[in-house]
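*Asks:* The number in the numbering used here is simply the position in the sequence shown, starting from 1, with 477 added.
Next up is a structure, given as structure tokens.
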Amino acid sequence: MNKDRVVQKEKYKFLVMAVLLAGACFLTYYYHVVLGRGTFFTHLFYIPIILAALWWKRKGIFVAVFLATILVASHLLIRSAGQIQINTNDYLRALMFIVVAVFTAYLSVTIVAKEKEVAAAAAAAAAAAASLERADELAKSEEELRKTSDYLNNLIHYASAPIIVWDPGLKITRFNTAFELLSGYKAEGVIGRDLNMLFPEESRDESLQEIRRALAGEYWESVEIPILRKDGEVRLALWNSANIFAEDGTTMLSTIAQGIDITERKRAEETIRRNQEHLRDLINIAAHELRHPATIFRGYANILLEHWDSLDEETIKDALLKIDSATDRLTRIVDQFLDTSRIEGGKMGLSCSGVSPMALINNVFAEAQVKGYDNKLNITPPPDRAQGNRGRRREAQERPGDPARKRGQLLPGRERH
Numbered sequence: 478m479n480k481d482r483v484v485q486k487e488k489y490k491f492l493v494m495a496v497l498l499a500g501a502c503f504l505t506y507y508y509h510v511v512l513g514r515g516t517f518f519t520h521l522f523y524i525p526i527i528l529a530a531l532w533w534k535r536k537g538i539f540v541a542v543f544l545a546t547i548l549v550a551s552h553l554l555i556r557s558a559g560q561i562q563i564n565t566n567d568y569l570r571a572l573m574f575i576v577v578a579v580f581t582a583y584l585s586v587t588i589v590a591k592e593k594e595v596a597a598a599a600a601a602a603a604a605a606a607a608s609l610e611r612a613d614e615l616a617k618s619e620e621e622l623r624k625t626s627d628y629l630n631n632l633i634h635y636a637s638a639p640i641i642v643w644d645p646g647l648k649i650t651r652f653n654t655a656f657e658l659l660s661g662y663k664a665e666g667v668i669g670r671d672l673n674m675l676f677p678e679e680s681r682d683e684s685l686q687e688i689r690r691a692l693a694g695e696y697w698e699s700v701e702i703p704i705l706r707k708d709g710e711v712r713l714a715l716w717n718s719a720n721i722f723a724e725d726g727t728t729m730l731s732t733i734a735q736g737i738d739i740t741e742r743k744r745a746e747e748t749i750r751r752n753q754e755h756l757r758d759l760i761n762i763a764a765h766e767l768r769h770p771a772t773i774f775r776g777y778a779n780i781l782l783e784h785w786d787s788l789d790e791e792t793i794k795d796a797l798l799k800i801d802s803a804t805d806r807l808t809r810i811v812d813q814f815l816d817t818s819r820i821e822g823g824k825m826g827l828s829c830s831g832v833s834p835m836a837l838i839n840n841v842f843a844e845a846q847v848k849g850y851d852n853k854l855n856i857t858p859p860p861d862r863a864q865g866n867r868g869r870r871r872e873a874q875e876r877p878g879d880p881a882r883k884r885g886q887l888l889p890g891r892e893r894h
């Protein structure tokens, strides 16, 4: 569309110039032939001359040459007819046409060149301004990016949870302070090293399998992976992970994982489990140990109630002594459970003195025979004296948590050698 406008504008210029040149020719003919005058108002010729030089630059000089030729030729023709005598002013006037055209064309070319220079300078200035603006925006973006990067670095570095980053080649690329505390390694000592250095030998294959799952695009959610510390201790951590991709959304750049050290929690859970098992054992043992004195109470109480009148004094006395002995045994059992609770709570202290190991062994077998056990044991006599607590001697021989009794290895009528 711009090309059509240029063509239309050129047509308009040619039309105007044709009209002006026709007018100049008519004036020359009218003054020289009709009026018979040798001079006329030639200043009007400068209009097409100047316009042609402005419009077509150097090519516009041909219009001045044409008008100068018309003027001189007209004078020569008139002179040859003897009507008018040509003078020097006519030649000077024709020459002035050409000079004005040349000067105007030169000025037009110069103005156009200067306009181009000014336009180029303006474009360069605009480009420089735009470049400065872009540089300004880039500097601001870089500053914002730097602040964001510093914020994220500080967030990762000072996070209370262990954080580690590795690339697709399983090389460690970032290692925060909390992970240093977890692993015992300094970040500068592990950056660039293989990730498998952090896994214990016995679980390394399983841990690397989890790593491969993460590289395949899966995300960890509360995955338990043990970490091998620098000092050889193994710590158990609960991990969550995320993958970082390039702008195309498919090229993986790295994997970041955040963990929680659950070693102490696992130990506490194991302690609770053992305590629960121990409590169940104590309840079972208590039920077993308390059943014996309860049976004695019930048996002798029934005998005394049903046969009181027919029993002699010796039998009654023996029954009461049995009940008293069972009561004493029940008291000791209760004391033993209380002592067990105190020992586990760390609130029980013992004072040691000399005791006889053989006396303790004899008492154990005597107590076992009373309960109906008929076990035999061949042993090498221990030293005559040992250090122990006299007040706890009997409790030790009747300890409810006796491992052999718990496992059912000491039963009435069995012989152990």
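Quick reminder that beta carbons are idealized off the backbone N, C-alpha and C, glycines included.
1. Leaving out the 5 sequence neighbours to the left and right, which residues in its chain are closer than 8 Å to residue 575 when beta-carbon positions are compared?
2. Could you tell me the distance, in whole angstroms, from the CA atom of residue 432 to the CA atom of residue 724?
3. Beta strand (DSSP E) containing residue 730: first to last residue?
4. Leaving out five residues on either side along the sequence, give the residues of the same chain with a beta carbon under 7 Å from the beta carbon of residue 652.
5. Quick one, are the C-beta atoms of residue 731 and residue 644 less than 8 Å apart?
6. Going by alpha carbons, who is nearest to residue 691 out of 677, 735, 662, 713?
7. Does any residue of chain C have a CB that is nearer than 8 Å to the CB of residue 637?
8. Identify which residue in 535, 525, 606, 481 has its Cα closest to the Cα of residue 494.
9. Measure the CB-CB distance between residue 650 and residue 635 and report whether it falls below 8 Å.
10. Within its chain, find whatever has a CB closer than 7 Å to the CB of residue 773; leave out the 5 residues flanking it on each side and keep chain order.
11. I want to know whether the region 669 to 686 touches the region 617 to 633 - three or more CB-CB distances under 8 Å.
12. Whole angstroms are fine: how far does the CA of residue 767 sit from the CA of residue 809?
13. Is DSSP giving residue 527 helix, strand or coil here?
14. To the nearest angstrom, how far is it from the Cα of residue 566 to the Cα of residue 506?
15. Do you know whose CA, among 806, 807, 778, lies nearest residue 795's CA?
16. I'd like to know if the region 530 to 537 and the region 578 to 587 are in contact, where contact means that at least 3 CB-CB pairs between them fall below 8 Å.
17. Going by the beta-carbon positions, is the gap between residue 684 and residue 702 smaller than 8 Å?
18. Please list, in chain order, all residues of the same chain as residue 572 whose beta carbon is under 8 Å from its beta carbon, the five residues on each side excluded.
19. Looking at residue 578: is its Cβ nearer than 8 Å to the Cβ of residue 530?
20. Taking the CB atoms as reference points, tell me whether residue 713 and residue 740 lie closer together than 8 Å.
21. What is the residue span of the alpha helix (DSSP H) that residue 660 lies within?
22. Residue 551 by DSSP, collapsed to three states: which one?
23. Pick out the complete alpha helix (DSSP H) segments inside the region 589 to 652, 4 residues or longer, and give them in chain order.
24. Buried or exposed for residue 483, please, with buried defined as at least 16 other CB atoms from any protein chain shown within 10 angstroms of its CB.
25. Got a sec, what are the start and stop residues for the alpha helix (DSSP H) residue 688 sits in?
26. Return the first residue and the last residue of the alpha helix (DSSP H) that residue 493 is part of.
27. Taking 8 Å as the cut-off, decide whether the C-beta atoms of residue 660 and residue 704 are in contact.
28. State yes or no: is the C-beta of residue 597 nearer than 7 Å to some heavy atom of the ligand COA?
29. From what residue to what residue does the alpha helix (DSSP H) around residue 665 run?
30. Consult DSSP for residue 815 and reduce its assignment to one of helix, strand or coil.
31. Measure the C-alpha to C-alpha separation of residue 805 and residue 751 and round it to an integer number of angstroms.
32. Where do the N-terminal and C-terminal ends of the beta strand (DSSP E) with residue 717 fall, by residue?
33. Taking the Cβ atom as the reference point for each residue, do residue 715 and residue 688 lie within a distance shorter than 8 Å?
34. Mind checking which residues open and close the beta strand (DSSP E) that includes residue 701?
35. In three-state DSSP terms, what is residue 786?
36. Roughly how many angstroms lie between the CA atoms of residue 554 and residue 602, to the nearest whole one?
*Replies:* Put simply:
1. One-based indexing of the sequence shown puts residue 575 at position 98. Excluding positions up to five away in sequence, the list reads 538, 541, 542, 545.
2. Residue 432 falls outside the range modelled here, since the chain spans only 478 to 894, and no answer is possible.
3. Position 253 of the sequence shown, counted from the first residue, corresponds to residue 730. Taken as a continuous stretch (DSSP letters only), the beta strand (DSSP E) holding residue 730 covers 729 to 738.
4. Counted from its first residue, the sequence shown places residue 652 at position 175. Around residue 652, the same chain offers 641, 664, 667, 668 as residues with beta carbons nearer than 7 Å, after the five sequence neighbours per side are excluded.
5. Taking the first residue of the sequence shown as 1, we reach residue 731 at position 254. Taking the first residue of the sequence shown as 1, we reach residue 644 at position 167. Cβ atoms of residue 731 and residue 644: closer than 8 Å.
6. Within the sequence shown, numbered from 1, the residue matching residue 691 stands at position 214. Per the Cα distances, 735.
7. Reference to chain C is not applicable here, since this structure consists of a single protein chain.
8. Indexing the sequence shown from 1 puts residue 494 at position 17. Answer by Cα proximity: 525.
9. Looking up residue 650 in the sequence shown gives position 173. Looking up residue 635 in the sequence shown gives position 158. Not closer than 8 Å, so no.
10. Start at 1 with the first residue of the sequence shown, and residue 773 comes out as number 296. Result list for residue 773: 799, 800, 803, in chain order.
11. In short, these stretches do not touch, since the Cβ pair count stays below three.
12. For the purposes of this step, residue 809 is taken as residue 332 along the sequence shown, with counting starting at 1. For the purposes of this step, residue 767 is taken as residue 290 along the sequence shown, with counting starting at 1. Taking the straight line joining both Cα atoms gives about 11 Å.
13. Start at 1 with the first residue of the sequence shown, and residue 527 comes out as number 50. Three-state DSSP puts residue 527 in a helix.
14. As a first step, residue 566 must be located in the sequence shown, where it is residue number 89. As a first step, residue 506 must be located in the sequence shown, where it is residue number 29. C-alpha separation (whole angstroms): 18 Å.
15. The count along the sequence shown starts at 1 and reaches residue 795 at position 318. Checked all of 806, 807, 778; the closest Cα to residue 795 is 778.
16. Flag = yes, the region 530 to 537 and the region 578 to 587 touch.
17. Residue numbering aside, residue 684 sits at position 207 when the sequence shown is read from its first letter. Residue numbering aside, residue 702 sits at position 225 when the sequence shown is read from its first letter. Yes. Within cutoff.
18. Taking the first residue of the sequence shown as position 1, residue 572 is located at position 95. So the list reads 545, once near-sequence residues are dropped.
19. The sequence position of residue 578 within the sequence shown is 101, counting from 1. The sequence position of residue 530 within the sequence shown is 53, counting from 1. Yes, these two residues count as a Cβ contact at 8 Å.
20. For this step, residue 713 is matched to residue 236 along the sequence shown. For this step, residue 740 is matched to residue 263 along the sequence shown. Result yes, Cβ atoms of residue 713 and residue 740 sit closer than 8 Å.
21. Residue 660 sits at position 183 when you count from the first residue of the sequence shown. First-last of the alpha helix (DSSP H) with residue 660: 654 to 660.
22. Mapped onto the sequence shown, residue 551 falls at position 74. Looking at residue 551 - three-state DSSP - the assignment turns out to be helix.
23. none
24. For this step, residue 483 is matched to residue 6 along the sequence shown. Flag for residue 483 reads exposed.
25. Translated into the one-based positions of the sequence shown, residue 688 becomes position 211. That run of the alpha helix (DSSP H) goes 681 to 692.
26. On the sequence shown, position 16 is the one that residue 493 refers to. 479 to 506 is the span of the alpha helix (DSSP H), which, as asked, contains residue 493.
27. In the sequence shown, residue 660 corresponds to position 183, counting from 1. In the sequence shown, residue 704 corresponds to position 227, counting from 1. Taking 8 Å as the Cβ cut-off, residue 660 and residue 704 qualify as a contacting pair.
28. This structure lacks the ligand COA, and indeed carries no ligand of any kind.
29. Reading the sequence shown from its first residue, position 188 is the one you call residue 665. Segment 664 to 667, the alpha helix (DSSP H) holding residue 665.
30. Stepping through the sequence shown from its first residue, residue 815 is reached at position 338. If DSSP states are grouped into helix, strand and coil, residue 815 belongs with the helices.
31. Along the sequence shown, one-based indexing puts residue 805 at 328. Along the sequence shown, one-based indexing puts residue 751 at 274. Roughly 31 Å between the two C-alpha positions.
32. As a working note, residue 717 is residue 240 in the sequence shown. 711 to 722 is the extent of the beta strand (DSSP E) around residue 717.
33. Residue numbering aside, residue 715 sits at position 238 when the sequence shown is read from its first letter. Residue numbering aside, residue 688 sits at position 211 when the sequence shown is read from its first letter. No, these two residues do not count as a Cβ contact at 8 Å.
34. Counting from one through the sequence shown, the residue named residue 701 turns up at place 224. Its beta strand (DSSP E) spans residues 700 to 705.
35. For the purposes of this step, residue 786 is identified with residue 309 of the sequence shown, where counting begins at 1. It is coil, neither helix nor strand.
36. Working through the sequence shown from its first residue, we reach residue 554 at position 77. Working through the sequence shown from its first residue, we reach residue 602 at position 125. Answer to the nearest angstrom: the Cα atoms are 60 Å apart.
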